[in-house]
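The opening position of the sequence shown corresponds to residue 1 in UniProt numbering, with each subsequent residue numbered one higher.
From the three backbone atoms N, C-alpha and C, an ideal C-beta is built for every residue, glycine too.
Shown next, in structure tokens, is the structure this report addresses.
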Amino acid sequence: MAHSHNAHDGHHHGHGHGHDDHAHGSFKSYMTGFVLAVILTVIPFGIVMGGGFDSRALTIAVVVLCAVAQVLVHMIYFLHMTSSAEEGWTMLSTVFTVVIVVIMLAGSLWVMFHMNTNMMPQMSHELQVMP
1 MAHSHNAHDG
11 HHHGHGHGHD
21 DHAHGSFKSY
31 MTGFVLAVIL
41 TVIPFGIVMG
51 GGFDSRALTI
61 AVVVLCAVAQ
71 VLVHMIYFLH
81 MTSSAEEGWT
91 MLSTVFTVVI
101 VVIMLAGSLW
111 VMFHMNTNMM
121 PQMSHELQVM
131 P
């Protein structure tokens with residue numbers, strides 16, 4: 001027997017470097033994402049620690065917008081999510097996740113804003129009557 005060949009010799013299965021390099025970010029891309037994430041953290045932190053705007057609704061709106069922008073920055077710069085055809089499942093799972101998060105947030109906010117209205121009024125009287 002002169003020479004035996006491994007079944008995988010000469011075949012490239014895409015396990016090495018150099019395939020799908022466009023899916024991985026560069027140092028510049030990561031630094032851009034990091035700087036944007038820091039800015040989007042500092043803005044709402046500074047607003048809230050400074051007492052917020054005169055309008056409470058404006059303060060909440062700015063904080064929520066910064067949070068949404070922060071999620072997008074993380075998805076684009078760190079998770080490398082795009083709407084390209086080969087990442088269709090990634091986009092579909094992202095849309096599903098966003099829908100679930102919106103449902104959870106809306107339900108939580110609905111419960112918190114209606115908690116006072118739905119509290120049983122007898123509770124406060126029973127606590128005062130007890131000796």
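- Under the three-state reduction of DSSP, leucine 58 is assigned to helix.
- Just so you know, the alpha carbons of leucine 72 and methionine 81 end up roughly 9 Å apart.
- Under the 10 Å beta carbon count, leucine 40 is surrounded by 16 or more other beta carbons and is classified as buried.
- Going by C-alpha positions, valine 48 is about 33 Å away from glycine 25.
- Residue nearest to valine 64 within the set Leu79, His74, Ile43 is Ile43 (criterion: CA-CA distance).
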